[in-house]
Structures are given as structure tokens and as C-alpha cells.
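This report refers to the structure that appears directly beneath it.
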DNA sequence: TTAAATATTTAACACTGAGTTAATAAATTT
DNA sequence: AAATTTATTAACTCAGTGTTAAATATTTAA
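Rendered as C-alpha cells:
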């Protein structure tokens with residue numbers, strides 16, 4: 036069950052959000068101020084925390100900063116909530132370790148969609164990194180040791196090369212689009228030149244053998260053996 | 036390539052948003068008012084439309100309402116854009132078939148993040164119809180792997196061929212008109228040479244066997260087994 | 001800290017074949 | 001048979017990819 040904690044000092048909003056999230060099947064807990072929020076966060080370790088920014092005593096930014104100190108919350112998504120007319124820097128919020136920034140008022144539909152989108156994003160980025168040793172064809176890929184072997188030969192891959200390779204090998208046969216590769220290997224916000232992926236693919240082929248990585252023209256690349 | 040249409044009557048904002056989205060690699064077109072927006076939307080069928088609300092003659096709400104009448108735009112994301120001090124109901128906007136509501140002024144980073152988030156959301160909800168493997172007759176069609184097999188024989192299809200085949204196979208027996216095929220496979224109703232589909236059908240028949248794809252003269256094509 | 005080494009991105013250009021077009025033949029309908 | 005629609009074929013174009021080298025960025029060593 037996905038656990039969500041909402042921290043807001045306005046009881047009406049709290050109830051509104053709680054109602055809508057529970058309707059979607061989430062396990063929701065609530066807190067009326069930052070300190071209570073911190074305590075409840077520590078006791079339940081939610082999957083996602085919705086933090087109002089403007090709160091008495093301890094505002095959302097402080098709560099976020101506090102939470103991000105504890106590795107326990109590394110996997111926890113934090114999204115800020117702010118009134119439309121409060122003029123906070125969204126960038127600052129995201130730099131503090133927030134994952135999103137929702138403006139009030141917000142419709143139930145938009146709110147729950149956003150929450151779900153965030154959870155989806157997390158889930159998919161989680162499962163991209165199966166932290167185990169993959170054996171496939173004559174290859175051994177050890178994610179933890181950042182090591183690739185073909186037979187007894189050790190293949191040295193650079194970080195990006197390795198991540199790209201892991202992505203492809205993770206789902207043999209599946210065709211990954213360039214967009215998908217950018218998002219999963221480079222992370223969404225990085226813009227890189229048109230030929231970057233090609234170059235990395237080329238280096239990979241050079242190192243691990245060009246038979247494994249296949250181009251599907253107009254679509255993307257896949258690992259195949 | 037992801038196509039985005041921006042409709043706003045303020046040239047400065049138009050330019051600002053266009054610049055930032057193009058920098059991120061999107062294919063951006065712009066319109067200065069609602070009517071022009073509708074026309075451009077119809078000709079290019081964008082993946083996402085950014086609609087300013089306050090515009091002369093035809094406001095964003097009207098444009099949205101108009102667009103939502105046409106099933107051609109079922110897959111198109113619409114996000115509204117409004118100045119912070121204009122006091123529109125976000126809920127009304129969303130009920131009209133909008134997907135998000137962005138408040139000006141907005142930083143480039145936040146703006147592009149939002150756009151990307153929306154596109155991501157669409158994509159993942161698209162694939163809610165899980166990329167399953169279709170088995171029909173002696174054929175296996177694996178969308179994820181972009182792969183068709185007949186018995187043990189692997190059949191290599193080009194992108195358009197594959198998409199065309201998926202469309203037909205998706206509803207066995209249904210007759211697809213040329214117009215329908217253009218819209219769903221080519222993504223526009225821009226008229227491309229009128230023998231193009233025939234050629235693709237021919238190549239498909241050549242590769243997967245000519246018994247499966249049947250011509251209904253004067254109407255279109257269907258998959259049958 | 002700077003310098004050297006390595007990794008990554010950008011840019012420029014070459015290459016390939018998917019997709020389109022056009023021209024002609026065949027099939028179907030009227 | 002004439003008209004209309006579809007099939008076939010081949011030639012052409014250009015978007016998408018491969019390749020290389022040079023420019024940045026990052027990491028490591030001194």
C-alpha cells in the first residue's frame with residue numbers, strides 16, 4: 036500500500052486532499068504543522084509527502100531540508116504545495132530536494148494525477164536499476180561492481196556507457212527509443228546534442244561487440260543475442 | 036518528434052516559450068490568436084497545445100472546447116496558460132478537457148519541466164494498454180520488441196510498416212479507411228501522395244503473407260485470417 | 001591547487017535505406 | 001468498354017544513423 040503524508044495548516048485543504056487521495060486507494064496520514072509532519076514522517080516513512088510551504092513555526096522548506104538529511108527518506112518523494120499568489124521560487128524548492136511544486140487551488144483530478152505521475156516516475160526509475168549480476172549470452176554484468184565481462188575478458192566501460200548498456204541489457208529485445216534512453220540514462224532535464232546517443236552506442240559496440248546492439252531505424256536501439 | 040503548438044496573443048511570450056521548448060528539442064509551431072490556433076492544430080495535429088486563456092475574439096476556453104469536439108485530438112494534451120492575477124477557475128478549465136493549468140510568469144525551467152511531465156504522463160497512460168504480445172493466426176506481434184514472427188521465422192518490418200500492421204491487427208476484421216490509416220499511422224491528415232498506403236500494404240503483404248491483408252475496394256483495408 | 005588523463009558532448013560530414021513519388025499495369029465497377 | 005480504383009515497379013529524396021575528430025567537462029594524479 037502506498038503511503039502518503041499531507042502537511043498543511045489549513046484543515047479544509049487537509050481534508051479535501053485526504054479525501055481525494057483516499058478515494059484513489061492511498062493510505063493517507065495528515066499533520067497540521069511542520070513539526071508534527073516531521074514526527075509522523077519519521078514514524079511511518081511515507082512514499083510521498085505533500086508539504087504546504089506557508090505554515091506557522093516551521094515552513095515546508097525547512098521540513099524538506101530536515102527530511103533530506105536523513106537517508107531514510109532517500110526514496111521518499113516530496114512535493115510542495117503553495118497558494119497561487121504566494122511568490123516562491125519553484126527552483127529553490129526543487130533544489131532543496133523537492134520533486135514537484137503544486138499550485139493551489141488545484142482540482143481533485145489534477146492533484147491526484149500529479150501524485151500518481153510522481154509515484155509512477157519513482158517506481159519506473161527504481162526498477163531500472165536491478166542491483167544484481169546479470170548473465171546473458173557470454174556476458175556478465177555486475178551492476179554493483181560496475182563491471183562487464185565477456186568470457187574471461189574484462190571490459191572497461193565509462194559511466195554513461197555502462198548505464199546505457201545496463202538499460203538495454205535490462206530488457207533484452209525491448210526497443211528503447213532515443214527519448215526513453217535520454218530520460219532513463221541522462222535524466223529528464225538534460226539536453227544533449229543529437230548525436231550523443233549514437234556516439235555512445237558506437238563506443239559500446241566497439242567495446243562489447245557490435246552484434247549485441249541492434250538499431251531499429253526510426254525507433255531506437257535494442258540489445259539482442 | 037514531439038509537436039507542440041503554442042497559442043498566445045502576446046508576441047513576447049510566444050517567442051519566449053517557443054525558444055525554450057525548441058531548445059529542448061521539440062518541434063514548435065505558434066499562433067497569435069484562437070482562430071489561427073485552431074487552423075494550425077488541424078493541420079499539424081500536435082501532441083500538446085499550450086493555450087493562453089485571455090485572447091481577443093476567441094479565448095483559450097473556446098479553442099479547447101472546439102478542439103475537444105474532434106476525436107482527432109483525443110490524444111492531444113491541452114494546457115492552459117494564464118496570468119497570475121486573472122482569476123479563472125482552474126476546475127472549469129479542466130472540465131473543458133484541459134490537462135493542466137500553468138500560471139504566468141513562469142521560469143523556463145519550470146515551464147519545460149511541466150510540459151515534459153505532461154508528455155510523460157500521456158505516454159505512460161498510453162501504455163496502460165500494456166504493450167502486450169498479440170498472437171493471432173500463426174503470427175506473434177510484440178510491440179515492445181517491435182517484432183513480428185510467423186511460426187519461428189522472424190519478420191523484419193520497417194517502422195511505418197510495423198505501425199500499419201499493428202493498426203490492422205489491433206482490430207481484426209475491421210475495415211480501416213485510407214483516411215483513418217493516415218490519421219493513425221502518419222499522425223496527420225496532411226495529404227501525402229495517394230499511392231503511399233498501397234505501397235506500404237504491398238510491402239506488408241510481401242513480408243507477412245498476402246492472405247492476411249484484404250482490400251475492400253472503394254473503402255479500405257482489413258486484417259483477416 | 002594545477003596539470004594531466006579521461007569521459008562526454010558537440011559539430012561536421014558521409015552514408016544508408018525507409019518512405020515517397022510517379023508512371024504504368026491490372027483489377028473491379030459502372 | 002469506359003471509368004474508377006488499386007497493384008506493381010522503379011527511381012528519387014531526405015530523415016535518420018554512423019563515423020570521426022575536435023571542443024568541453026569531469027575526474028584523477030601530482
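Protein chains in written order, with this note's numbering: chain Z, 36 to 260; chain F, 36 to 260.
We put the beta carbon where it would ideally sit given N, CA and C, even for glycine.
Taking only beta-carbon atoms, is residue i less than 8 Å away from chain F?
i             : result
residue 138/Z : yes
residue 69/Z  : no
residue 244/Z : no
residue 252/Z : yes
residue 257/Z : yes
residue 181/Z : no
residue 145/Z : yes
residue 224/Z : Its pLDDT being 47, under 50, residue 224/Z is placed unreliably in this model, and the coordinates cannot settle the point.
Could one say the Cβ of residue i lies closer than 8 Å to chain Z's Cβ atoms, at least one of them?
i             : result
residue 194/F : yes
residue 87/F  : no
residue 162/F : Its pLDDT being 41, under 50, residue 162/F is placed unreliably by the model, and the measurement read from it follows with that caveat. Taking Cβ atoms only, chain Z never reaches closer than 8 Å to residue 162/F, which makes this a no.
residue 57/F  : no
residue 135/F : yes
residue 52/F  : no
Determine which residues share a DSSP beta bridge with residue i and list them.
i             : result
residue 256/F : 211/F, 250/F
residue 115/Z : 86/Z, 136/Z
residue 177/F : 168/F, 182/F
residue 40/Z  : 64/Z, 84/Z
residue 92/F  : According to DSSP, residue 92/F bridges with nothing at all.
residue 216/Z : DSSP, once it has assigned bridges, lists no residue as partnering residue 216/Z.
residue 45/F  : In DSSP, residue 45/F forms no bridge with anything.
residue 236/F : According to DSSP, which records beta bridges pairwise, residue 236/F is partnered with nothing at all.
residue 189/Z : 184/Z
Return the Cβ separation of residue i and residue j in integer angstroms, given the expectation that the two are a contact with Cβ distance under 8 Å.
i             : j             : result
residue 75/F  : residue 66/F  : 5 Å
residue 116/F : residue 173/F : With 8 Å as the limit, residue 116/F and residue 173/F do not qualify as a contact, their Cβ atoms being about 52 Å apart.
residue 39/Z  : residue 62/Z  : 7 Å
residue 179/F : residue 209/Z : 5 Å
residue 247/Z : residue 211/Z : That pair is no contact at about 14 Å.
residue 204/Z : residue 176/Z : 6 Å
residue 113/Z : residue 102/Z : 7 Å
residue 85/Z  : residue 41/Z  : 5 Å
residue 202/F : residue 216/F : 7 Å
residue 207/Z : residue 232/Z : No, residue 207/Z and residue 232/Z are not in contact; Cβ-Cβ is about 19 Å, not under 8 Å.
residue 243/F : residue 200/F : 7 Å
residue 249/Z : residue 259/Z : 5 Å
residue 236/Z : residue 194/F : Between residue 194/F and residue 236/Z the Cβ distance is about 18 Å, and since that is not below 8 Å, they are no contact.
residue 153/Z : residue 83/Z  : 6 Å
residue 190/F : residue 181/F : So it is not a contact: roughly 11 Å between Cβ atoms.
residue 68/F  : residue 93/F  : 7 Å
Determine the burial state of residue i: buried for a count of at least 16 other Cβ atoms within 10 Å of its Cβ, exposed for fewer.
i             : result
residue 90/Z  : buried
residue 219/Z : buried
residue 81/Z  : buried
residue 266/Z : The structure shown does not extend to residue 266/Z, since chain Z is modelled only from 36 to 260, so the question has no answer here.
residue 241/Z : exposed
residue 234/F : exposed
residue 87/F  : buried
residue 134/F : buried
residue 136/F : buried
residue 95/F  : buried
residue 148/Z : buried
residue 138/Z : buried
residue 72/Z  : buried
residue 196/F : buried
residue 168/Z : exposed
Using 7 Å as the cut-off, classify the Cβ of residue i as near or not near the heavy atoms of the ligand SAH, replying yes or no.
i             : result
residue 232/Z : Ligands in the displayed structure: none, and consequently the ligand SAH is not present.
Item checked: Interfacial residues, the stretch 183-212 of chain Z to chain F, with Cβ spacing under 7 Å -> 208, 209, 210
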